[in-house]
Amino acid sequence: MINKIQKYLLLHYPILWNTRIVPMLLILTGVHIIFFAIGYLSADTAFTRNYYYSLDNDLGLLYFTSILVGVLILIGWLVFYSRNNGFKTFYPRRTSQLYAEWLIILAITVGLSFIPFTLTKGHIFKWKSAASLEEVKEALKTLDMANGLIANDHDYFKFENEYDKPIPIPDNMKLDPEKLDLNLYATEYSHRGGIILKGYIGPSFLFGKDRYYYNAYFYGNFRDMDSDKRQSVERQELVKKWLRNGQKDDILAVMKDFDKLQQKHNLKGNITPEQWFKRIYNPPFFEVNPSTALNSYKPEYYYDEDDYSQYPVEEAVVVAAPVPDSTYQEYAYSIVNSKTPYLQYSMLRAGYEHILQYYEYDNAFFEWFILFCSCIAVCLSIFVYTFRVTGGKQWLIAFVALGILIFIVVLLGVALAQSVGYRSDRPIAIGICLFWIALFIALLIRIIAKITSKGRKGRSSIYMNILIWLLPCLIPLSYLTVFLHSEYSDEEYFEPTDADVMNMFWFNIIFIAVAMSLISVLVRKWKSIAEE
């Protein structure tokens, strides 16, 4: 079937036949489907980890594989494509046909360059299918509230003089100072009344600080926090308010919602919501100690793997009372042990934050990813186009010549920068940018002069290669020149943002697409002059 299509294209649309566009489209479609499936299958959405690595870490080897496959397909395509070099006999082919051939080359290089993107899309699609954005936000809301009811680290629940106030002691609560650990209470000494208890300052759920954003929370820098982090802190403040006001139903509802999340992802804790509530709800002080502590994940060394009902909820005795400052850290490690009940908070938090991260990728990460792949595709298409225009030998000579020129320019730039000092780095960089722009203009003038004079091609094949290769660099080099001049002059009239840089590159791609039509005119006229 493909042979029949190719034969038909050869007779009616030779450009499409020559570029092997039909078999390449079929191959690229199959490759993209395969890598989408590989990305999808590589995503483990079972919520079995306490921490997830970044995307490039998870897909690092697969990215390398996708790039390698793209390179192999490119090489195979070039072998077939170069068998019949239409550019050798295209004169007097129309300019529009030359431009159309570059567009076809661009379409193929786009398909090759976007293979890693398809792999990424498959991986992220699997994660996003695990929960909708609304479900993720609702789950994180539950986890934020449950966070303040899970004490596995004493430091996050200790009293801070700069921020917290002692918990008042109810009038009907009789406490004997001689039988208490006074390190847990704010005291005042009176000659007439002796030691007076002013309030509880020991570890308490009412002193809980957000464990993920502790510094910003403690220092009160709420304005500097983004909305999601601020909401996390506000939700935990709401839970503390419920504890103070005795809103038992609201607290138990959070615990039940948390348990539903565990069941949804086939995760098991070993304490029910009712047992959890009974364990930590101890007014008026809501102490944090081994008898109220919970692990936020299942320790590997846990002594019993039975279900909820197998764990007896009972009051434990604090072995060592904490003292301020110096021994807080020591006490923090004694709050949980191998018999402390656990909930799967860490796995749920890690999983839902990972999904949320992928939803946010659509707004930022993918924009840069698409731009990067597009730039690679444009550059590849130009390299292939020039190879077809001038032939392999002249292309290789031009490539080596340009490499040597780049080395010399960089070497001179570094030498000048070292000799004249740091302050002159910017002028040197500006000079290098202007050199490449000037080189493009000089080569353009040289080729136009060669066409006008009707002389022999000579070394103009090398000039033509370098001229077309420099085309994608014109706008970025001009942009960089203006930016460097702004920094050097201290006028700060040009301070580009990430969005500005992105827009510049997209504009550059549009500029290249338009400029290549003019390059096709130049190529057609240049190819009409005599060879050596």
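According to the working numbering, the stretch in the sequence shown is residues 115 to 646, in order.
Idealized CB from N, CA, C, for every residue including glycine.
Asked                                                                                                                                                             : Found
Hey, residue 461 and residue 161: beta-carbon distance below 7 Å or not?                                                                                          : yes
Rounded to a whole number of angstroms, what is the C-alpha to C-alpha distance between residue 478 and residue 472?                                              : 10 Å
Counting along the chain, where does the alpha helix (DSSP H) carrying residue 595 start and finish?                                                              : 588-603
According to the neighbour-count rule (16 or more other Cβ atoms, all chains shown, within 10 Å of its Cβ), is residue 316 buried or exposed?                     : buried
Starting from the N-terminal side, write out each stretch of the alpha helix (DSSP H) that is 4 residues or longer and does not extend beyond the region 153-226. : 169-172, 174-195
For the putative contact between residue 512 and residue 580, defined by C-beta atoms under 8 Å, what is the C-beta separation to the nearest angstrom?           : 6 Å
Examine the Cβ distances between the region 215-222 and the region 130-148 and report whether three or more of them are shorter than 8 Å.                         : yes
Between residue 403 and residue 450, is the Cβ-Cβ spacing less than 7 Å?                                                                                          : no
Under 8 Å by Cβ, that's how I've got residue 228 and residue 493 pegged, so tell me the actual separation to the nearest angstrom.                                : Incorrect: roughly 14 Å between the Cβ atoms, too far for contact.
Can you tell me whether residue 144 is helix, strand or coil according to DSSP?                                                                                   : helix
Does residue 640 pass the burial test, meaning 16 or more other C-beta atoms within 10 Å, or should it be called exposed?                                         : buried
Return the first residue and the last residue of the beta strand (DSSP E) that residue 301 is part of.                                                            : 299-304
Mind reading off the beta-carbon distance from residue 468 to residue 241? Whole number of angstroms is fine, and I expect it under 8 Å.                          : 7 Å
Where do the ends of the alpha helix (DSSP H) carrying residue 525 lie?                                                                                           : 506-534
Within 10 angstroms of the Cβ of residue 259, are there 16 or more other Cβ atoms? Answer buried if so, exposed if not.                                           : buried
Do you know offhand how far residue 616's Cα is from residue 485's?                                                                                               : 8 Å
Cβ-heavy atom distance between residue 301 and the ligand GTP below 6 Å?                                                                                          : The ligand GTP is absent from the structure shown, which contains no ligands of any kind.
Roughly how many whole angstroms lie between the Cα atoms of residue 309 and residue 322?                                                                         : 28 Å
Going by DSSP in three states, residue 580 sits in which element: helix, strand or coil?                                                                          : helix
Measuring only the C-alpha atoms, how far is residue 176 from residue 230?                                                                                        : 8 Å
I want to know whether the region 232-241 touches the region 492-508 - three or more CB-CB distances under 8 Å.                                                   : no
Tell me where the alpha helix (DSSP H) around residue 397 begins and ends.                                                                                        : Per DSSP, residue 397 belongs to no alpha helix (DSSP H) and is neither H nor E.
Using the three-state DSSP reduction, which class does residue 381 fall into: helix, strand or coil?                                                              : coil
Report the residue from 163, 150, 172 whose alpha carbon sits nearest the alpha carbon of residue 233.                                                            : 150
Given residue 612, which residues of its chain have a CB within under 7 Å of its CB, disregarding the five upstream and five downstream residues?                 : none
Determine the closest residue to residue 544 out of 163, 374, 466, 523, with distance taken between C-alpha atoms.                                                : 523
Taking the straight line between their C-alpha atoms, what separation do you get for residue 598 and residue 253?                                                 : 47 Å
In whole angstroms, give me the CA-to-CA distance for residue 139 and residue 383.                                                                                : 51 Å
Would you list the one or two residues that DSSP bridges to residue 318?                                                                                          : 401
Can you check whether the CB of residue 454 is closer than 7 Å to the CB of residue 371?                                                                          : no
Give the C-beta separation of residue 353 and residue 262 to the nearest angstrom, bearing in mind that I take them to be a contact with Cβ-Cβ under 8 Å.         : 4 Å
Could you spell out the range, first to last residue, of the alpha helix (DSSP H) harbouring residue 561?                                                         : 539-567
For residue 589, which residues in the same chain have their Cβ closer than 8 Å to its Cβ, ignoring the five residues on either side in sequence?                 : 618, 621, 622, 625
Across which residues does DSSP place residue 632 in a beta bridge pair?                                                                                          : DSSP, once it has assigned bridges, lists no residue as partnering residue 632.
Confirm, please, whether the CB-CB distance from residue 584 to residue 554 is below 7 Å.                                                                         : yes
Cutting at 7 Å between CB atoms, please list the residues of its own chain near residue 504, excluding the five before and the five after it.                     : 575, 578, 579
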